[in-house]
Amino acid sequence: MRSFLDRLEPGPRATALKEIEGQSEDEALSVLHDWAFWARPEQLPPPGDWRYWMILAGRGFGKTRAGAEWVRAQVAAGRRRIALIGPTAADVRDVMVEGESGLVNISPPWSLPRYQASRRRLVWPCGAVAFLYSAQEPERLRGPQHDAAWADEFAAWSQGQQVWDQLQFGLRLGDDPRAVITTTPKPLPLVRQLLADPDCVVTRGATYDNRENLSPAFVDRIVRRYEGTRLGRQELHAEVLGDAPGALWPYEILLACRVQAYPELTRVVVAVDPSGSSGDDEGDGQGVIVAGLGIDGRGYVLADRSCRLSPQGWGRRVVEAFDAFGADRIVAEKNYGGEMVRFTIQAVRKSAPVSLVSATRGKIVRAEPVSALYEQGRVRHFVADPAGTALAELEEEMRQATANGYLGEGSPNRMDALVWALTSLMLEAEAPGAAFLELARREAAAGAAPRKAESEDSFAPGSVEWARGAGPT
Numbered sequence: 121m122r123s124f125l126d127r128l129e130p131g132p133r134a135t136a137l138k139e140i141e142g143q144s145e146d147e148a149l150s151v152l153h154d155w156a157f158w159a160r161p162e163q164l165p166p167p168g169d170w171r172y173w174m175i176l177a178g179r180g181f182g183k184t185r186a187g188a189e190w191v192r193a194q195v196a197a198g199r200r201r202i203a204l205i206g207p208t209a210a211d212v213r214d215v216m217v218e219g220e221s222g223l224v225n226i227s228p229p230w231s232l233p234r235y236q237a238s239r240r241r242l243v244w245p246c247g248a249v250a251f252l253y254s255a256q257e258p259e260r261l262r263g264p265q266h267d268a269a270w271a272d273e274f275a276a277w278s279q280g281q282q283v284w285d286q287l288q289f290g291l292r293l294g295d296d297p298r299a300v301i302t303t304t305p306k307p308l309p310l311v312r313q314l315l316a317d318p319d320c321v322v323t324r325g326a327t328y329d330n331r332e333n334l335s336p337a338f339v340d341r342i343v344r345r346y347e348g349t350r351l352g353r354q355e356l357h358a359e360v361l362g363d364a365p366g367a368l369w370p371y372e373i374l375l376a377c378r379v380q381a382y383p384e385l386t387r388v389v390v391a392v393d394p395s396g397s398s399g400d401d402e403g404d405g406q407g408v409i410v411a412g413l414g415i416d417g418r419g420y421v422l423a424d425r426s427c428r429l430s431p432q433g434w435g436r437r438v439v440e441a442f443d444a445f446g447a448d449r450i451v452a453e454k455n456y457g458g459e460m461v462r463f464t465i466q467a468v469r470k471s472a473p474v475s476l477v478s479a480t481r482g483k484i485v486r487a488e489p490v491s492a493l494y495e496q497g498r499v500r501h502f503v504a505d506p507a508g509t510a511l512a513e514l515e516e517e518m519r520q521a522t523a524n525g526y527l528g529e530g531s532p533n534r535m536d537a538l539v540w541a542l543t544s545l546m547l548e549a550e551a552p553g554a555a556f557l558e559l560a561r562r563e564a565a566a567g568a569a570p571r572k573a574e575s576e577d578s579f580a581p582g583s584v585e586w587a588r589g590a591g592p593t
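Here it is in structure tokens:
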């Protein structure tokens with residue numbers, strides 16, 4: 121077998137495959153599954169005495185394949201209890217196990233693992249077992265022991281530090297337990313912690329390193345849209361970006377403001393920042409943000425319903441958001457279209473209460489008082505599922521807003537709608553302490569009567585019905 125590999129000349133895969141055609145089926149299969157032959161050098165484990173190997177690379181680099189092949193090699197080397205951890209249970213199954221570059225599809229017939237979905241594990245013919253874990257459930261890692269681990273999309277883990285800590289306690293079998301980490305970077309403390317760990321070796325790479333195996337249409341589109349942007353530097357070139365100088369919303373502040381539930385709300389508004397797009401062009405979309413004011417005096421960003429639609433389409437989207445959250449007002453910027461903005465919304469529902477606001481100052485100047493609310497801890501982002509991306513695009517726009525201007529592409533319509541919503545709820549003239557007075561009024565009205573026990577039919581905490589007090593008490 122080795123003699124055949126030695127005879128293969130370096131060159132394009134087509135040349136190698138042509139030579140394989142003349143060999144026996146077993147020999148050809150052996151070559152096809154010889155990862156050391158097909159991999160690029162940066163997809164192979166580095167030499168040395170390391171505990172963690174982190175592949176920090178751009179989208180499409182081949183991280184998943186490298187991680188899966190590393191696990192396959194560990195099984196062949198004798199490891200028997202392996203942890204597979206991804207952002208969600210579905211990600212572990214659909215990407216790490218059954219994905220195109222997942223363990224089932226890259227394994228040769230003579231060492232094909234059997235996926236036991238009900239038991240959340242993979243079992244190899246040799247007896248090795250890989251246990252599947254979701255980063256949404258750190259407690260499931262409490263107790264099990266492993267001699268190897270593969271952590272995929274590490275920077276997207278919703279409870280990253282807790283999961284990583286639990287993994288460390290269980291990575292204790294054998295003489296040399298190791299882990300591979302495959303991820304596109306984000307400026308998270310946990311990522312920076314690993315980068316500074318002397319036991320961690322880091323392989324860096326860009327999307328372009330795997331250009332040969334990517335669709336030309338994908339590469340052209342990605343380059344055209346993201347090359348030269350901050351997002352491109354992170355997602356294509358795998359740079360661990362810090363906050364831009366003068367960032368109005370530092371990443372740490374946005375992380376700290378996320379909550380999975382919110383209290384009763386005294387007001388709810390839907391803010392819309394229209395654009396000149398017809399919905400069929402490549403123009404900017406329409407920012408549509410839902411926010412409320414809690415009885416605790418804080419602002420709560422509830423949803424991002426932004427879109428790129430025709431006037432009729434975005435008007436309907438705004439009214440649907442108004443109904444879904446029981447809003448009391450729609451706040452719309454009138455710079456694009458003037459009274460036509462009100463007409464667009466009221467064409468969907470004539471009785472919709474619309475307040476038009478006019479942008480007399482630049483976006484950044486308008487945003488600065490709102491960013492101050494975040495610094496003071498007075499705004500929260502409602503993210504029901506910690507692994508979800510409900511507000512991800514809004515937060516990405518917010519991160520690119522700086523005191524010197526907006527660093528992203530196009531117009532930050534999501535951010536602008538957020539600013540209008542929170543300005544309406546928290547910065548417009550209002551009696552000082554109104555929200556706290558409302559809370560006191562409600563408590564006084566309730567009197568000294570003891571609270572009823574929560575019934576079994578109560579709505580789930582964090583749901584719209586629960587938050588607005590619609591459920592039984």
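Numbering (the numbering used here), first residue to last: 121 to 593. Idealized CB from N, CA, C, for every residue including glycine.
Tell me the residue span of the alpha helix (DSSP H) that contains methionine 174.
Premise fails: methionine 174 lies in the beta strand (DSSP E), 172-177, not in any alpha helix (DSSP H).
Rank Arg519, Arg534, Trp540 and Leu542 by C-alpha distance to the C-alpha of proline 307 and give the top, closest one.
Arg519
Identify, in the order they occur along the chain, each residue of the same chain with its Cβ nearer than 8 Å to the Cβ of glutamine 279, setting aside the five sequence neighbours on each side.
Within the same chain, glutamine 279 has close Cβ partners Ala255, Gln256, Pro258 and Pro506.
Cα-Cα separation, valine 217 to aspartate 154:
So the alpha carbons of these two residues sit roughly 19 Å apart.
Alanine 268 versus aspartate 319 - alpha carbon distance:
15 Å
Euclidean distance between Cα positions of arginine 185 and leucine 511:
Taken atom to atom, the span from the alpha-carbon of arginine 185 to that of leucine 511 is near 30 Å.
Just curious, the beta strand (DSSP E) that arginine 629 is in, first and last residue?
It is not possible to answer for residue 629, since the shown part of the chain is limited to 121 through 593.
What are the boundary residues of the beta strand (DSSP E) that glycine 263 is part of?
Per DSSP, glycine 263 belongs to no beta strand (DSSP E) and is neither H nor E.
Flag this pair as yes or no: are the beta carbons of alanine 541 and isoleucine 415 separated by less than 8 Å?
no
Backbone CA spacing between leucine 514 and glycine 325 [nearest angstrom]
27 Å
Near leucine 493, which residues of its chain fall below 7 Å by C-beta distance, leaving aside the five closest residues on each side in sequence?
Gly419, Val499, Leu542 and Met546
If I measure Cβ to Cβ from valine 391 and keep anything under 6 Å in the same chain, skipping five residues before and after, which residues do I get?
In the sequence as presented, valine is not what sits at residue 391; that position holds alanine. Only Ile409, Val451, Ala537, Trp540 and Ala541 meet the Cβ criterion.
The stretch 279-299 in contact with the stretch 165-177 per 3-pair CB rule at 8 Å:
yes
Alanine 487 beta carbon near the ligand ATP (any heavy atom closer than 7 Å):
The ligand ATP is absent from the structure shown, which contains no ligand whatsoever.
Verify whether the separation of the beta carbon atoms of alanine 521 and alanine 487 is less than 8 Å.
yes
What do you get for glycine 485, buried or exposed, if any count of 16 or more other CB atoms within 10 angstroms of its CB means buried?
First, the residue type needs correcting, since residue 485 is valine and not glycine in the sequence shown. Under this definition valine 485 is an exposed residue.
If you draw a straight line from the C-alpha of proline 229 to the C-alpha of arginine 240, how long is it?
In a straight line, the C-alpha of proline 229 is about 21 Å away from that of arginine 240.
To the nearest angstrom, how far is it from the Cα of arginine 428 to the Cα of leucine 368?
26 Å
Buried or exposed: where does phenylalanine 338 fall if 16 or more other Cβ atoms within 10 Å of its Cβ makes it buried?
exposed
Could you check the C-alpha separation between glycine 290 and tryptophan 284 for me, to the nearest Å?
10 Å
Do the CB positions of valine 490 and isoleucine 465 come within less than 8 Å of each other?
no
Simplified DSSP assignment, three categories, for glutamate 453:
strand
For the candidate residues Gly219, Lys454 and Ala441, whose alpha-carbon lies nearest to that of arginine 469?
Distances from the alpha-carbon of arginine 469 to those of Gly219, Lys454 and Ala441 put Ala441 closest.
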